[in-house]
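Undergrad:
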């Protein structure tokens with residue numbers, strides 16, 4: 001269901017959808033402004049020249065998470081040395097939902113799915129959380145970030161998710177910012193149905209979703225979470241969801257009910 | 264976030280969650296009743312004996328989509344010849360949401376994800392649909408069914424999704440049952456926000472979700488869909504979702520707002 005290239009008139013979200021959409025969209029770290037020259041990394045140059053087979057002069061879209069989205073032209077300075085000539089602003093930077101995803105790391109293929117879907121579903125921060133029953137001890141932050149970044153490039157976001165260092169759950173909760181609500185996916189089933197819990201909240205604001213490991217939260221972790229005033233315990237229905245499904249479901253429901261899916 | 268084994272008192276959905284939960288849950292085709300002997304296929308025997316390393320006498324749960332869930336004991340009749348002795352009813356069969364997922368086939372890893380998540384998220388039918396921009400022509404029905412069945416076994420459902428033969432979109436719509444509403448994920452963005460569209464509908468009833476291919480629906484397909492009285496065109500927000508993400512998001516929202524996630 002990738003959106004097709006459509007005239008702006010057919011599009012629902014003028015803030016996010018450009019009039020003309022180049023096929024390729026790239027995140028860069030450098031500042032973006034008309035006339036700027038942005039050097040490309042070896043990996044980016046390889047991707048554009050060898051994988052996509054773009055030639056000098058090809059137009060791409062580029063964003064850096066701060067300066068909006070710009071059209072840019074590919075410039076070849078020499079073999080393997082490519083840069084972008086920044087042309088014109090396509091969309092100004094705009095505020096995006098302030099939603100974190102806190103999740104217990106799971107095995108490779110499934111954690112890749114979580115990072116990709118969190119990118120597509122507009123999470124601002126990916127926070128791995130170590131819990132009592134977390135089996136996966138090593139988190140490949142660079143890999144998570146690469147998956148989330150690729151999803152951000154594809155899905156027309158103007159930002160990329162920030163992937164944080166793993167923290168143990170007790171420390172995460174001890175440092176919890178009082179003004180950030182925590183949607184706690186509580187597999188004990190004692191929480192409200194998630195749609196009812198979210199319907200009772202005002203739109204927007206600072207939120208985080210917390211999803212446990214495949215083994216669920218331990219009893220003392222559940223008790224800790226219930227003591228946190230910012231926490232909202234919710235149930236995701238009668239079937240047993242895998243951790244990756246629970247993360248995607250909670251992100252979806254938050255965006256659809258409190259986030260930017262409503263106009 | 265796999266649910267832990269909890270006493271029934273802590274569980275939210277007494278209809279679906281048993282008092283004691285054996286580790287392994289198996290779908291079989293045979294009729295289930297106390298005292299019945301159910302032969303296992305070579306693949307099931309291999310899985311139980313060689314992969315899970317269960318011994319004769321081990322207890323498993325078993326369901327067939329018609330007779331509820333039963334406890335059963337593994338019986339060895341000889342090397343490689345295993346059967347189940349059906350013991351007692353654990354949960355009676357109950358009605359489940361009447362939700363189909365109609366989706367344009369996509370590439371391997373992503374279509375596997377769709378089948379698994381549709382299983383977990385309680386779809387009753389998986390209907391592959393061939394559209395103008397469907398790139399994938401061959402659909403491995405057996406593989407889809409195996410993924411959906413494994414998810415159904417894991418997630419505590421009492422049914423497994425039925426995987427149908429692919430049909431071209433025009434034929435699907437020509438034969439569309441008038442009393443089944445069609446939640447059409449319309450990437451043109453002209454639909455209502457999905458949460459608003461679903462909030463306007465009564466709970467339950469017969470529904471289907473329709474998700475297009477990566478290239479989106481062609482203009483004449485969109486026009487056909489708009490003419491169908493049962494169709495409800497909806498938007499899934501400002502970001503461009505991949506086809507698998509759109510399917511998971513729509514299934515989640517339907518279950519959370521109209522399905523069995525609300526008690």
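Chains as they are written, first to last, in our numbering: chain A, 1 to 263; chain B, 264 to 526.
Even glycine gets a Cβ: it sits at the ideal position worked out from N, Cα and C.
As the structure is a prediction and not an experimental result, all values here were calculated from the model.
In chain order, which continuous runs of the beta strand (DSSP E) of length 3 or greater are located wholly inside the segment 40 to 102 of chain A?
TA: 59 to 63, 69 to 78, 81 to 91
Undergrad: Within 10 angstroms of the Cβ of residue 128 of chain A, are there 16 or more other Cβ atoms? Answer buried if so, exposed if not.
TA: buried
Undergrad: For the segment 211 to 225 of chain A, enumerate the residues whose C-beta is nearer than 8 Å to any C-beta of chain B, in chain order.
TA: Those would be 211, 212, 213, 214, 215, 216, in chain order.
Undergrad: So which residues of chain A does residue 459 of chain B contact, with C-beta pairs closer than 7 Å?
TA: Per Cβ cutoff of 7 Å: 262.
Undergrad: Under the three-state reduction of DSSP, which class applies to residue 107 of chain A: helix, strand or coil?
TA: In this structure, DSSP gives residue 107 of chain A a state outside helix and strand, which the three-state scheme calls coil.
Undergrad: Which residues of chain A have a Cβ atom closer than 7 Å to the Cβ of residue 436 of chain B, listed in chain order?
TA: Neighbours of residue 436 of chain B on chain A: none; closest Cβ ~17 Å, over 7 Å.
Undergrad: State buried or exposed for residue 69 of chain A, treating a residue as buried only when at least 16 other CB atoms are found within 10 Å of its CB.
TA: buried
Undergrad: Does DSSP put residue 433 of chain B in a helix, a strand or coil?
TA: helix
Undergrad: What first and last residue would you give for the alpha helix (DSSP H) that runs through residue 517 of chain B?
TA: Note, residue 517 of chain B: alpha helix (DSSP H), 506 to 520.
Undergrad: Under 8 Å, Cβ to Cβ, is there at least one residue of chain B near residue 38 of chain A?
TA: Proximity of residue 38 of chain A to chain B, defined by a Cβ-Cβ separation below 8 Å, is not satisfied.
Undergrad: Would residue 319 of chain B pass as a contact of residue 291 of chain B if the rule is Cβ separation under 8 Å?
TA: no
Undergrad: What does the Cβ neighbour count give for residue 71 of chain A, buried or exposed, with the cut at 16 atoms within 10 Å?
TA: Residue 71 of chain A comes out buried.
Undergrad: Alpha carbon to alpha carbon, how far is residue 138 of chain A from residue 249 of chain A? Give it in angstroms, no decimals.
TA: 25 Å
Undergrad: Taking the alpha-carbon positions, what's the residue 354 of chain B to residue 252 of chain A distance?
TA: Whole-angstrom Cα-Cα distance: 31 Å.
Undergrad: Within 8 Å (strictly less), CB to CB, does residue 472 of chain B reach chain A?
TA: Chain A, which has no Cβ nearer than 8 Å to the Cβ of residue 472 of chain B, makes this no.
Undergrad: Can you name the residues of chain A whose CB is closer than 8 Å to the CB of residue 419 of chain B?
TA: In chain order: 238, 239, 240.
Undergrad: Closer than 6 Å by C-beta to residue 321 of chain B: which residues in its own chain qualify, once you throw out the five before and the five after it? Chain order, please.
TA: 337
Undergrad: In this structure, what does DSSP give as the bridge partners for residue 238 of chain A?
TA: Paired residues: none, contrary to the question.
Undergrad: Is the CB of residue 397 of chain B under 8 Å away from at least one CB in chain A?
TA: no
Undergrad: CB-CB under 6 Å to residue 317 of chain B, same chain, minus the five flanking residues each way: which ones, in chain order?
TA: 311, 337
Undergrad: Less than 8 Å between the C-beta atoms of residue 383 of chain B and residue 241 of chain A, yes or no?
TA: yes
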